[in-house]
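A.B. asks: The sequence shown maps to residues -20 to -1, 1 to 470 in mature numbering (1 follows the signal peptide of the UniProt record, and there is no 0).
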Amino acid sequence: MKLLSTLLLVLVGLFAYAKAQSCQNADIYKHDVEDYTDLLQSLIDKASATNQHALLLKPGRFGLRGKDPIVLKPGVSLQGNTDDPTIFTTLSDPKSNESATIQVPAASMGWSIQGIVFDNVNIDIQPHKNPAVAKIENNVFLNGGRGAIVSNFGMNLLIDSNVFLRDQAHAGTEFIPKYNTTNAGVVFETQENSMITNNIFGMDLRKLGDVLPHVPAELQTSLRKVQYLLTCAELELEDQQGFLASGVQLYHTNEITIKSNIMNATFPDTIRIAQDHAISVVGISNYLANTAVMIYVANHADFMQVDNTVVYNNFLYRFLDHNVDPAEPHLAGWLYEGITFYDFWTARLNNTIRPPIWNSSVPISPFAHQVVITGNRFGAAPGIDPNVISLGNLDPTQAMIDGKNCYVSPPLVPELGSKIPLLWRQTYKADAAAPFGGKIPQVFKFRESRKLIQRVPEDLRHLPVPAYWKGFTLRNNTVPMLSPESPCFQ
């Protein structure tokens, strides 16, 4: 981004030169938070009117009203301080109880928001068809309404090297979250041609120092902001920051790439919360989940009414044990699918679904076409049965699955070796159980595909597995993480 020389001057109120990185400026974070809503908006308006391309923010905590969105006018980008964090925080307003919002109008093109801590403040991108790529990079999101980043009917958005945290006080309250009641990291509605990469969704802050050496330099910058909040600004943050209904929630999207992320990392994995997905997809085409190391409670990626979908080179590790299984016998299918395809409407219509519809891991979409599942690894912590691939109610002829999907830990069915069983229409064997009490899918006629790597886009075939996993210990700091590159079980 081009920064005009005039922007290197000290601006009134909010903007200044960066200061040296240390805790020497920590006192500025310990004052009462003042309302900067009007001042920030006036500076953005002025920058837009005078063709200033970026506002360089000074460090400190700046309050924003929840009921009055900050509008990022055309031609303006926001850049947080590079040494001590710039924090936008929602002012307490019992009447509205709304998160403050940075709203990006359709007229804004090629903008960026970088290097800011958003404390219960979200980014709302208005519908547009702009060809220029917009960027949200190197930010930290603490909580943030139903989505820290929400984009409707948009395109060409890069979300890179951000950290998404959510504490228990801001966990979802709906057992089955919907579009208006979810609390995800990223929420897309009819979004096109966008990428979500190198982000962390959820974290146990006790492990921050362990993770830091294993992430790219850009993401280290974001994690150091979190470190500063804890050690210098002395903000009171809970250790467990993984209370996301979904890391990524997609509705009716097209050409979305999600790669090299940590999804719901070190989730509060000794309790249950609503939904708890890494990726939840409703109505989508050409979706790619590549080398996303999924370390989280429900341990599955859900897809509903999807076409031309490739699920490739993921590691899905199950470590939640039966101590948190639902008490009700009819919920015994909970947490049994690593990759799941379903369609509530059709399942109800065809009477192929047994209530309750959620925790029994419902059947999936007969409307899906050209589903490719290859090169994925499944593992489980000692004493726990691993996950399976659920085709739900999908027409098996529309699923292309090969032998490249495998278990890297003891398999669900020992006589099948490392092969991942397929579950169809929630049909299990009545007289069999896995080594640790898990259900075993009923065998059905399925023709295995070959050479599916040819259906994976060439530029995504050889992505390295992120090294993030080396910094995590699971199940409340008791279970070591398993290498996502472990060989298939022999």
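No residue lacks a Cβ here, since even glycine has one placed at the ideal position from N, Cα and C.
Every value quoted in this text rests on a predicted model; they were computed, and no experiment measured them.
DSSP on I364, reduced to helix/strand/coil?
C.D. replies: Locating residue 364 in the sequence shown gives position 384, where the first residue counts as 1. If DSSP states are grouped into helix, strand and coil, I364 belongs with coil.
A.B. asks: Identify the continuous alpha helix (DSSP H) that holds R204 and give its terminal residues.
C.D. replies: Taking the first residue of the sequence shown as 1, we reach residue 204 at position 224. Looking at the DSSP string, the run of the alpha helix (DSSP H) that includes R204 is A197 to T211.
A.B. asks: Report buried or exposed for H442, applying the criterion of at least 16 other Cβ atoms within 10 angstroms of its Cβ.
C.D. replies: Here residue 442 corresponds to residue number 462 of the sequence shown, with the count starting at 1. Exposed is the call here.
A.B. asks: According to DSSP, is A312 part of a helix, a strand, or is it coil?
C.D. replies: In the sequence shown, counting from the first residue as 1, residue 312 sits at position 332. Confidence at A312 is low in this model, with a pLDDT of 44, below 50, so the placement of that residue should be treated as unreliable; the coordinate-derived value is given next. Here A312 sits in coil by DSSP.
A.B. asks: Count the other C-beta atoms from every protein chain shown that fall within 10 angstroms of the C-beta of A410, then say buried if there are 16 or more, exposed otherwise.
C.D. replies: Position 430 of the sequence shown, counting from 1, holds the residue named residue 410. With fewer than 16 Cβ atoms within 10 Å of its Cβ, A410 is classed as exposed.
A.B. asks: According to DSSP, simplified to helix, strand and coil, what is V113?
C.D. replies: In the sequence shown, the residue the question calls residue 113 occupies position 133. It is coil, neither helix nor strand.
A.B. asks: Going by DSSP, name the residue or residues bridged to H11.
C.D. replies: In the sequence shown, residue 11 corresponds to position 31, counting from 1. Paired residue(s): none; H11 is not in a bridge.
A.B. asks: For the beta strand (DSSP E) holding V351, just list the boundary residues, first then last.
C.D. replies: Looking up residue 351 in the sequence shown gives position 371. It spans H349 to T354 - the beta strand (DSSP E) in which V351 sits, taken as one unbroken run.
A.B. asks: Contact check, T66 vs L44 under 8 Å by CB: the rounded distance?
C.D. replies: Along the sequence shown, one-based indexing puts residue 66 at 86. Along the sequence shown, one-based indexing puts residue 44 at 64. About 12 Å; that fails the 8 Å criterion.
A.B. asks: Can you give the Cα-Cα distance for L462 and S429, rounded to whole angstroms?
C.D. replies: Walking along the sequence shown from the start, residue 462 turns up at place 482. Walking along the sequence shown from the start, residue 429 turns up at place 449. Approximately 28 Å, taken between the alpha carbons.
A.B. asks: So G189 is in the alpha helix (DSSP H); what residue range does that whole segment cover?
C.D. replies: Taking the sequence shown and counting its residues from 1, one reaches residue 189 at position 209. L188 to V191 is the extent of the alpha helix (DSSP H) around G189.
A.B. asks: Sort P421, A128 and H194 by Cα distance to N142 and report the nearest one.
C.D. replies: The residue given as residue 142 occupies position 162 in the sequence shown. When only C-alpha atoms are compared, the closest one is A128.
A.B. asks: Measuring CA to CA, which of N179, V166, P415 and E117 is closest to T233?
C.D. replies: Here residue 233 refers to the residue found at position 253 when the sequence shown is read from its first residue. Selected option, being the one with the closest Cα: V166.
A.B. asks: S205 to N288, Cα distance in whole Å?
C.D. replies: One-based indexing of the sequence shown puts residue 205 at position 225. One-based indexing of the sequence shown puts residue 288 at position 308. The question names Ser, but residue 205 is Lys in the sequence shown. For K205 and N288, the distance between alpha carbons rounds to 39 Å.
A.B. asks: Please work out which residues of its chain come closer than 8 Å, Cβ to Cβ, to residue 472, disregarding the five sequence neighbours upstream and downstream, and give them in chain order.
C.D. replies: With the chain represented from -20 up to 470, any question about residue 472 goes unanswered, as that position is not in the structure.
A.B. asks: Going by alpha carbons, who is nearest to V423 out of D439, W404 and R435?
C.D. replies: The residue labelled residue 423 in the question sits at position 443 within the sequence shown. The shortest Cα separation from V423 among D439, W404 and R435 belongs to W404.
A.B. asks: Can you tell me where the alpha helix (DSSP H) holding S28 begins and where it ends?
C.D. replies: Here residue 28 refers to the residue found at position 48 when the sequence shown is read from its first residue. Counting along the chain, the alpha helix (DSSP H) containing S28 begins and ends at T17 to A29.
A.B. asks: If we ignore side chains and look at the alpha-carbon of each, how far apart do K109 and L138 end up?
C.D. replies: Here residue 109 refers to the residue found at position 129 of the sequence shown. Here residue 138 refers to the residue found at position 158 of the sequence shown. Cα to Cα, K109 sits roughly 15 Å from L138.
A.B. asks: Tell me which same chain residues have a C-beta within less than 6 Å of the C-beta of V459, skipping the five on either side of it?
C.D. replies: As a first step, residue 459 must be located in the sequence shown, where it is residue number 479. Hits under 6 Å: F299 and A361.
A.B. asks: What are the residues that DSSP puts in a beta bridge with A379?
C.D. replies: The residue given as residue 379 occupies position 399 in the sequence shown. Paired residue(s): V351.
A.B. asks: Helix, strand or coil for N234? Go by DSSP, reduced to three states.
C.D. replies: Position 254 of the sequence shown, counting from 1, holds the residue named residue 234. It is a strand residue.
A.B. asks: From L19, R41, G55 and P39, pick the residue whose C-alpha is nearest to that of T30; which is it?
C.D. replies: In the sequence shown, counting from the first residue as 1, residue 30 sits at position 50. Out of L19, R41, G55 and P39, G55 has the C-alpha closest to the C-alpha of T30.
A.B. asks: Would R357 pass as a contact of V388 if the rule is Cβ separation under 9 Å?
C.D. replies: Numbered from its first residue, the sequence shown carries residue 357 at position 377. Numbered from its first residue, the sequence shown carries residue 388 at position 408. Yes, the Cβ-Cβ distance between R357 and V388 is below 9 Å.
A.B. asks: Please determine, among V113, N119, Y408 and P107, the residue with the shortest C-alpha to C-alpha distance to V101.
C.D. replies: By one-based count along the sequence shown, residue 101 stands at place 121. Minimum Cα distance to V101 is reached at N119.
A.B. asks: Go ahead and pull the three-state DSSP assignment for A447.
C.D. replies: If you number the sequence shown from 1, residue 447 lands on position 467. Correct three-state label for A447: helix.
A.B. asks: Measure the C-alpha to C-alpha separation of K239 and D18 and round it to an integer number of angstroms.
C.D. replies: Here residue 239 refers to the residue found at position 259 of the sequence shown. Here residue 18 refers to the residue found at position 38 of the sequence shown. If you take the alpha carbons of K239 and D18, they lie about 38 Å apart.
A.B. asks: Compute the beta-carbon to beta-carbon distance between I369 and F416, rounded to the nearest angstrom, for a pair I have assumed lies under 8 Å.
C.D. replies: Taking the sequence shown and counting its residues from 1, one reaches residue 369 at position 389. Taking the sequence shown and counting its residues from 1, one reaches residue 416 at position 436. With a Cβ gap of about 19 Å, I369 and F416 do not count as contacting.
A.B. asks: Helix, strand or coil for D439 per DSSP?
C.D. replies: Position 459 of the sequence shown, counted from the start, is the residue given in the question as residue 439. If DSSP states are grouped into helix, strand and coil, D439 belongs with the helices.
A.B. asks: Which residue wins for smallest C-alpha separation from Y16, given the options Q4, D7, R41 and S28?
C.D. replies: For the purposes of this step, residue 16 is identified with residue 36 of the sequence shown, where counting begins at 1. It is R41.
A.B. asks: Tell me which same chain residues have a C-beta within less than 7 Å of the C-beta of L(-7), skipping the five on either side of it?
C.D. replies: Numbered from its first residue, the sequence shown carries residue -7 at position 14. In this predicted model, L(-7) has a pLDDT of only 44, less than 50, meaning its place in the structure is not dependable enough to derive any value.
A.B. asks: Inspect the beta-carbon positions of residue 489 and I180 and report whether they are closer than 9 Å.
C.D. replies: Any answer about residue 489 is impossible in this case: the structure gives the chain only from -20 up to 470.
A.B. asks: Let me confirm a value: K419 is counted as buried when at least 16 other C-beta atoms fall within 10 Å, else exposed. Which label applies?
C.D. replies: Taking the sequence shown and counting its residues from 1, the one referred to as residue 419 is at position 439. Under this definition K419 is a buried residue.
A.B. asks: Could you tell me if E169 is buried or exposed, where buried requires 16 or more neighbouring beta carbons within 10 angstroms of its beta carbon?
C.D. replies: One-based indexing of the sequence shown puts residue 169 at position 189. Classification of E169: buried, given that the 10 Å Cβ count is 16 or more.
A.B. asks: Restricting to Cα atoms, I'd like to know which of P49, L58, D7 and K10 is closest to Q32.
C.D. replies: Here residue 32 corresponds to residue number 52 of the sequence shown, with the count starting at 1. Residue L58 is the option with its Cα nearest to Q32.
A.B. asks: According to the neighbour-count rule (16 or more other Cβ atoms, all chains shown, within 10 Å of its Cβ), is C386 buried or exposed?
C.D. replies: Your numbering for residue 386 matches position 406 in the sequence shown. So C386 counts as buried.
A.B. asks: Going straight from the alpha carbon of R328 to that of T377, what length do you get?
C.D. replies: Along the sequence shown, one-based indexing puts residue 328 at 348. Along the sequence shown, one-based indexing puts residue 377 at 397. Here the model assigns R328 a pLDDT of 41, short of 50, so the residue's position is not dependable, and the following value carries that caveat. Their backbone Cα atoms lie some 22 Å apart in a straight line.
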